[in-house]
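Peer 1: If you want this note's numbering, it's the position in the sequence shown, counting the first as 1, plus 40.
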Amino acid sequence: MEALKGRDFLSLADLSVGELDFLLQLAKQMKAGRANPHCNKVLGLLFYKASTRTRVSFTVAMYQLGGQVIDLNPSVTQVSRGEPLVDTARVLDRYLDVIAIRTFAQEDLQTFAGCAKIPVINALSDRAHPCQTLADLLTVQECFGRLEGVTLTYLGDGNNVANSLLLGCAMAGMNVRVATPEGYEPDAYFVEKAREIAKGKSEVTVTGDPVAAVKGAQVLYTDVWASMGQEEEARNRIPLFQPYQLNEQLLSCADADAIVLHCLPAHRGEEITDEVMEGSHSRVWDQAENRMHVQKALLASLLGAV
Ligand code: CP
Ligand code: NVA
């Protein structure tokens, strides 16, 4: 879609509903081998936090498109020695065709994007994980043949993954329920924005009641109880989050054909049990694979190869 060429992807809010649908359709076509866009461009990866899936899926996606990837590890660039982000951005803009950044503050992504003309992709921030949501939606679509009207329940910490899911599900016409302990609700901006988009079409619920939230749901989703950067609080959160653990008991309250998703990495025995992760409802490996397909579609679109 020509309209996406040269744009940034910092949040799902950067896409229209039509553009989101286009990306998912393109990813589906590319996964099936029915579309093979090509672009001989260079992607930079600037990751301030650890990553397995995002790093590797972006790298493989770019190689498969015919492009190259440079890993701009902060520890071996001047970034870790304090070079201002605005200076780094203006220089990298002259070398690269597109950059994916994993960082703490969403504002850093906006600062970088404001200084660079190349597309900037949010590869996770404390606030949002929009690439993950693209893969999640593709997975739900594959499992149910549609997104509209499907009910997804997210259990646990109202974090970056929950924020992006709220927006993505609302944009896709899904019902979305988020169940968290008090004080760990998703960011109010994302809840309000999702409600605004869903108004009159689907439901957006934020609750403290995990059992009510999973009742009849077709997709159960969870993520770690403490995200990267919150490791010190992790142990203290366990008792508070225990009722939100995705286990057989909660799963039995959902729709009989419900699927289980987790963005990974998982802390088995905390937010999800081994049984559920390995059980017949789990689609977590397809979900992880889909990171590559949606990001390939995203790169091809932002680089104007489709
Ligand atoms: N889900 C996800 O973003 O995984 P990584 O942290 O391994 O990239
Ligand atoms: N919420 C998690 C997601 C990891 C992919 C984190 O930010 O650490």
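Positions of the beta carbon are idealized from the N, C-alpha and C atoms, including for glycine.
Which one of L205, G198, S204 has the shortest CA to CA distance from E225?
Peer 2: On the sequence shown, residue 225 is found 185 positions in, with the first residue counted as 1. Ranking the options by Cα distance to E225, first place goes to G198.
Peer 1: Kindly indicate which residue of R235, A219, R134, E222 has the alpha-carbon position closest to the one of G6.
Peer 2: Residue 6 lies beyond the residue range present for the chain, which begins at 41 and ends at 346; the question has no answer from this structure.
Peer 1: On the DSSP bridge list, what partners appear for S322?
Peer 2: Numbered from 1 along the sequence shown, position 282 holds the residue referred to as residue 322. V300.
Peer 1: I need the DSSP call for I278, collapsed to helix, strand or coil.
Peer 2: Translated into positions along the sequence shown, residue 278 becomes position 238. Note: I278 maps to helix in three-state DSSP.
Peer 1: Go ahead and label R121 buried or exposed: buried means 16 or more other beta carbons lie within 10 angstroms of its beta carbon, across all protein chains shown.
Peer 2: Against the sequence shown, residue 121 aligns to sequence position 81. It counts as exposed.
Peer 1: Please report the distance separating the alpha-carbon of K157 from that of V131.
Peer 2: Against the sequence shown, residue 157 aligns to sequence position 117. Against the sequence shown, residue 131 aligns to sequence position 91. Spanning the two alpha carbons is a distance of roughly 11 Å.
Peer 1: Please determine whether the Cβ atom of C303 lies at a distance below 6 Å from any heavy atom of the ligand CP.
Peer 2: Within the sequence shown, numbered from 1, the residue matching residue 303 stands at position 263. At least one heavy atom of the ligand CP is nearer than 6 Å to the Cβ of C303, so yes.
Peer 1: Tell me whether the beta-carbon of E188 lies closer than 7 Å to the beta-carbon of G154.
Peer 2: Counted from its first residue, the sequence shown places residue 188 at position 148. Counted from its first residue, the sequence shown places residue 154 at position 114. No, the Cβ-Cβ distance between E188 and G154 is not below 7 Å.
Peer 1: Unbroken beta strand (DSSP E) runs of length 3 or more, entirely within the segment 142-197: which are they?
Peer 2: Complete beta strand (DSSP E) runs here, min 3: 160-162, 191-195.
Peer 1: In chain order, what residues of the same chain have a beta carbon less than 8 Å from the beta carbon of L136, not counting five sequence neighbours either side?
Peer 2: Taking the first residue of the sequence shown as position 1, residue 136 is located at position 96. Excluding positions up to five away in sequence, the list reads V82, L83, G84, I110, I158.
Peer 1: At the level of alpha carbons, what is the spacing between P221 and P279?
Peer 2: Here residue 221 refers to the residue found at position 181 of the sequence shown. Here residue 279 refers to the residue found at position 239 of the sequence shown. Straight-line Cα distance between these residues: approximately 10 Å.
Peer 1: Quick one, are the C-beta atoms of L192 and V259 less than 7 Å apart?
Peer 2: By one-based count along the sequence shown, residue 192 stands at place 152. By one-based count along the sequence shown, residue 259 stands at place 219. In this structure, V259 lies closer than 7 Å to L192 by Cβ.
Peer 1: Let me know the secondary structure DSSP gives A140 once reduced to three states.
Peer 2: For this step, residue 140 is matched to residue 100 along the sequence shown. If DSSP states are grouped into helix, strand and coil, A140 belongs with the strands.
Peer 1: With respect to the alpha helix (DSSP H) encompassing G58, which residues constitute its N-terminal and C-terminal limits?
Peer 2: Your numbering for residue 58 matches position 18 in the sequence shown. Per DSSP, G58 belongs to the alpha helix (DSSP H) from 57-71.
Peer 1: Report yes if the C-beta distance between H307 and V324 is below 7 Å; otherwise report no.
Peer 2: One-based indexing of the sequence shown puts residue 307 at position 267. One-based indexing of the sequence shown puts residue 324 at position 284. Taking C-beta atoms as the reference points, H307 and V324 fail to come closer than 7 Å.
Peer 1: Out of D148, G106, Q108, which one is the CA nearest neighbour of P124?
Peer 2: Here the question's residue 124 lines up with position 84 in the sequence shown. Nearest C-alpha to P124: D148.
Peer 1: In angstroms with no decimal places, state the Cα-to-Cα distance between K45 and L66.
Peer 2: As a working mapping, residue 45 is identified with position 5 in the sequence shown. As a working mapping, residue 66 is identified with position 26 in the sequence shown. Counting only the Cα atoms, L66 lies some 15 Å from K45.
Peer 1: For E288, count the other beta carbons within 10 Å of its own beta carbon; 16 or more makes it buried, fewer makes it exposed. Which is it?
Peer 2: Along the sequence shown, one-based indexing puts residue 288 at 248. Label assigned to E288: exposed.
Peer 1: Is the beta carbon of C79 closer than 7 Å to that of L342?
Peer 2: Along the sequence shown, one-based indexing puts residue 342 at 302. Along the sequence shown, one-based indexing puts residue 79 at 39. Taking 7 Å as the Cβ cut-off, L342 and C79 do not qualify as a contacting pair.
Peer 1: Below 7 Å between beta carbons: does that hold for L177 and L339?
Peer 2: The sequence position of residue 177 within the sequence shown is 137, counting from 1. The sequence position of residue 339 within the sequence shown is 299, counting from 1. No, the pair does not count as a contact, with Cβ atoms beyond the cut-off.
Peer 1: For Q118, does the count of other Cβ atoms within 10 angstroms reach 16, so buried, or fall short, so exposed?
Peer 2: In the sequence shown, counting from the first residue as 1, residue 118 sits at position 78. By the neighbour-count rule (16 or more Cβ atoms within 10 Å), Q118 is not buried but exposed.
Peer 1: Under a Cβ-count criterion, where at least 16 other Cβ atoms within 10 Å of its own Cβ denotes burial, should R186 be classed as buried or exposed?
Peer 2: Counting from 1 along the sequence shown, the entry for residue 186 is found at position 146. The residue is exposed, with fewer than 16 neighbouring Cβ atoms inside 10 Å.
Peer 1: Could you work out which residue in A75, V138, K239, D249 is closest to T99 when comparing CA atoms only?
Peer 2: On the sequence shown, position 59 is the one that residue 99 refers to. For the set A75, V138, K239, D249, the Cα lying nearest the Cα of T99 is the one of V138.
Peer 1: Using DSSP with H/G/I as helix, E/B as strand and the rest coil, what is Q335?
Peer 2: Within the sequence shown, residue 335 is the residue found at index 295, counting from 1. The answer is helix: DSSP assigns Q335 an H, G or I state.
Peer 1: For Q258, which of helix, strand or coil comes out of DSSP?
Peer 2: By one-based count along the sequence shown, residue 258 stands at place 218. If DSSP states are grouped into helix, strand and coil, Q258 belongs with coil.
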